[in-house]
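As given, the protein sequences belong to chains A and B, one line each in that order. As numbered in the working numbering, residues 102 to 585 make up the first sequence, in order. As numbered in the working numbering, residues 877 to 1215 make up the second sequence, in order. All residues carry an ideal CB built from backbone N, CA and C; glycine is no exception. Notes follow the structure.
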Amino acid sequence: MDILDVARWQFGITTVYHFLFVPLTIGLTLLVAVMESFWLRTAKPEWLRLTKFFGKLLLINFALGLVTGIVQEFQFGMNWSDYSRFVGDIFGAPLAVEALLAFFLESTFLGLWIFGWDRLPRKLHASCMWLVHLGTLASAWFILAANSWMQHPVGYEYNPDTGRAELTDFWAVMTNKVQLVTFPHVVASAYMTSAAFILGISAWLYARKRFEQDREMYRMGIRMGASVALVAGLAVAITGDIQGKIMTDVQPMKMAAAEALYETDSDGCAPFSLFTIGTPDGKSEKWSLTVPCVLSFLAEGDTDASVEGINDLREQYQQEYGQDPGAAYYSPGDFTPYIPVTYWSFRFMIGLGFLVAGGAALVLWLTRKGRAPTARWFGPAVISLPVIAVLANSFGWIFTEMGRQPWAVFGLMTTAHGVSPGVSDLEAWISVIVLTLLYAVLAVIEVGLLVKYVKKGADPFTEPPDPTLRGGDEDQDRPMAFAY
Amino acid sequence: MELTTVWFTLIAVLWIGYFTLEGFDFGVGMLLPVLARDDRERRMMINTIGPHWDGNEVWVLTAGGATFAAFPEWYATLFSGFYLPLLLILVALIVRNLAFEYRHQRPEPSWKARWDLAIIIGSFLPALLWGVAFANIVRGVPIDETKDFTGNLFTLLNPFGLLGGVVTLLLFLTHGAMFIALKTDGDIRHRARALSVQLGLGAALAAVVFLLWTQIDTGNVGSAIFFVLAALALVGGIVMARAGREGWGFIGTFAAIALAVAGLFVALFPDVMPSTTDSAFSLTTTNAAATHYTLKVMTVVAAIFTPIVLGYQAWTYWVFRKRISVHHIPEAELENAGR
């Protein structure tokens, strides 16, 4: 492996790992804020218990999302310095704005929420979590704007004097058509994942004999989780469908690669492949099982539309990009992603996503009108839903990033041209090994903590101190409501 | 003023925010085995920075993002060039942050001891390495005509760089002791204050040598003024702490760090990363900068949101302004952990 491969593996490992936690942070901040607001509105102790229970799981998860996010911001410069030089004028701004608008908001108000139970009036305390959620949305917005620009560069001009892409229209970058559909897709899948998290854990605790007296409360968690997961799941499907059509438009190769469609179907009615076996190098098809016309519909919204195949697109790309003598940031080449990865990740993303939404619908059915599911498989089966949702998210990113290859910025710079020229093989190896080992250890610790607290169930209800009713001196001496 | 100068100044402000704020929580972390006598006191120390460390750390993320956006060449050269020190800082920050969140999640002493170690080392490494990095930025490093760093880890470990690391280390230790003296009550408060004076004298000695060296090497009139003010602030802070005025003591170290960092940036200007290979290859505020348009957009965003951020971050310090003493730390932490 050369430094390019090492740097790519590091980026892949750290990014997929980071994104295990991100959707849970985005969605759980919303759902915990909703629970706390329900408590304020209804005064039902169950809502407060659920708030604190899932709030705690949120914090365990948030910590890892945060620390792995720091690596993300640093490694563009560390491993991809030529990429950073080339895109910095455009790509840096959303990152800086994300830190200023989102990270400060999230970290400050999360700190207030954690330690503020006995310091802040109740409504203000709940608002803190809403603000954290707003921060996560702002964060998602700006980082996805940056990613969407890599998928479909807009609002820029290539400056041959400076040898870089330069921003000409910030608004165009913010309203990139890829961004406008990617943001709702990612946020909806974050909501689906987090709702599945609440659903799965509530169902598992619901099914345990030990927590029989808390069944009513866990049922609330089940119903809330399942409803949100189902609605969010539908939103994921709808936005994903629109995304597919835009992708066909701006990155036709990615759509063809998703389908392992080698030859253009010029008479229309391109088939959707359920199962394709290709040659190991992913360059041609050996056998496949297909449903007619479905791909045409997915890609173009019309069962009769023609969908371009990999081989034709490769030729087109080679014509367009392969013979440009002035091209500094790409070389003539194949311009085709690695098909087995795109093909299977696309299928796993969709299949697992539907499994979660379907599971949520099934749970809603099983618990309709006060019904209580008693089957032994109920708890263990439902708690697998968040894991499936997390995997679906990972496959989504693997698909969208691997499907853009060999490009780092589509049509402008290949990944190979973005790598840091000054970083030695040894340095790159050290960092990928250190980070991978560290992340593995942290994963074990994190899962251990989650399991421990899930097994323990929600703490019993205790009325939190209300600082608006603050008394005299003895109040000042009471222990903190929360302490590390 | 040129927008590139505005952004150079803003990045200096972000680093000042980072070092003055996370500086004391690094200090608190490193002093954990020195000041605390038992687990209760350790928890008390950690809880003084509990609501703040995360917000403090965002300053460095914003500094990194702002450098990427405003001076992409600087970001690219610096981050790829200082590869291994930055990796160490990343690992340190990762284990340290997790330690704050995870330490209290299990009651076993071995679990806590391990996370305590993570806090101590995770605070020590960045406190030292940021100083090494900054000293090297100001002094200059080998950079070739393609703007790439051509040295290695050992290039950075020169006497001047190491002295810079010792200075930030001692300053942050002093700053942390001042913070503990300011934020706690009981016996530890007095121990922290006494320690802040001792550490402060060491920090002052190292800082004066380092700042003089910097001044002679790369200084100008502006940096001299800042360095003198920084030294005065530090001495004033130590005198105040000795006199039992913890608030003024903390303000003293706060101002000393801010002024010293400001002075380093003044000494650096208009370079952002001088090249020791050939001054023609130096990165400057102009040849490393983003386009005027990008800087304009960023200026608008920063002008609107920086005051808001400062406002609500200051507010959290107000909300948690109370001193913490041992009896504020809940005993049955495991039961309380869910709150």
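| Item | Value |
| --- | --- |
| Residues that L969 (chain B) contacts on chain A, provided the C-beta gap is smaller than 8 Å | V168, I171 |
| Collapsed DSSP secondary structure at T880 (chain B) in the structure displayed | helix |
| As assigned by DSSP and simplified to three states, the class of W1124 (chain B) | helix |
| Cβ neighbours of F1126 (chain B) in the same chain (closer than 7 Å, five flanking residues each side left out) | M1054, F1055, L1058 |
| Status (buried if at least 16 other CB within 10 Å, exposed otherwise) for Y470 (chain A) | A quick correction: the sequence has Lys, not Tyr, at residue 470 (chain A). Exposed. |
| Inter-residue Cα distance where the pair is V274 (chain A) and W214 (chain A) | 34 Å |
| Under the three-state DSSP convention, the category N277 (chain A) falls into | coil |
| Status (buried if at least 16 other CB within 10 Å, exposed otherwise) for N848 (chain B) | There is simply no residue 848 (chain B) to check, as chain B begins at 877 and stops at 1215 in what is shown. |
| Neighbouring residues, chain A, relative to D1024 (chain B) (Cβ below 7 Å) | P522, G523 |
| G1040 (chain B) versus Y430 (chain A): straight-line alpha-carbon distance, rounded | 39 Å |
| Residue interval of the beta strand (DSSP E) (run including T391 (chain A)) | 386-392 |
| Beta-carbon proximity list for P426 (chain A), same chain, < 7 Å, skipping 5 on both sides | Note that P426 (chain A) scores 46 on pLDDT, short of 50, meaning its location in the model is unreliable and no value can be drawn from it. |
| Contact check, A1079 (chain B) vs L1046 (chain B), beta carbons under 7 Å | yes |
| Bridge partner(s) assigned by DSSP for L514 (chain A) | According to the sequence displayed, residue 514 (chain A) carries Met and not Leu. Beta-bridge pairing links M514 (chain A) to A:V510. |
| The segment 161-173 of chain A touching the segment 110-126 of chain A, judged by at least three CB pairs closer than 8 Å | yes |
| Closer than 7 Å to chain A by CB, S956 (chain B) | yes |
| Distance between beta carbons of I244 (chain A) and P195 (chain A), contact taken as under 8 Å | 7 Å |
| Chain-ordered chain B contacts of R196 (chain A) [CB-CB under 7 Å] | In the sequence as presented, Arg is not what sits at residue 196 (chain A); that position holds Leu. The answer, in chain order, is G941, F944, A945. |
| Check whether A1106 (chain B) and A1132 (chain B) have beta carbons under 7 Å apart | yes |
| Proximal residues to M450 (chain A) (C-beta, below 6 Å), its chain only, five neighbours per side dropped | A493, F496, G497, F500 |
| Exposed unless 16 or more other CB atoms sit within 10 angstroms - verdict on A108 (chain A) | buried |
| Interface partners of F216 (chain A) on chain B, CB under 7 Å | G926, P927, F1196 |
| Which residues DSSP lists as bridging I1200 (chain B), in chain order | B:T1060 |
| Span separating the alpha-carbon of V464 (chain A) from that of A327 (chain A) | 7 Å |
| Euclidean distance between Cα positions of W530 (chain A) and V552 (chain A) | 33 Å |
| Candidates A:Y292, A:A304, A:P438, of which the one nearest V555 (chain A) by Cα | A:A304 |
| A1117 (chain B) versus G480 (chain A) - alpha carbon distance | 59 Å |
| A266 (chain A): first and last residue of the uninterrupted alpha helix (DSSP H) it sits in | Taken as a continuous stretch (DSSP letters only), A266 (chain A) belongs to no alpha helix (DSSP H), being part of the beta strand (DSSP E) at 265-268. |
| Contact set between R186 (chain A) and chain B, taken where Cβ atoms lie within less than 8 Å | P948, E949, A952, K1023 |
| Listed by chain order, chain B residues near I127 (chain A) by CB distance under 9 Å | Within 9 Å Cβ-Cβ: nothing; I127 (chain A) doesn't reach chain B, min ~17 Å. |
| Beta carbon of Y319 (chain A) nearer than 7 Å to that of L306 (chain A) | yes |
| Cutoff 7 Å: S532 (chain A) Cβ touching any chain B Cβ | yes |
| Secondary structure of L886 (chain B), DSSP reduced to three states | helix |
| Sheet register partners of G379 (chain A) (DSSP bridge) | A:E386 |
| Y257 (chain A) - containing beta strand (DSSP E), residue span | 257-260 |
| Status (buried if at least 16 other CB within 10 Å, exposed otherwise) for I1200 (chain B) | buried |
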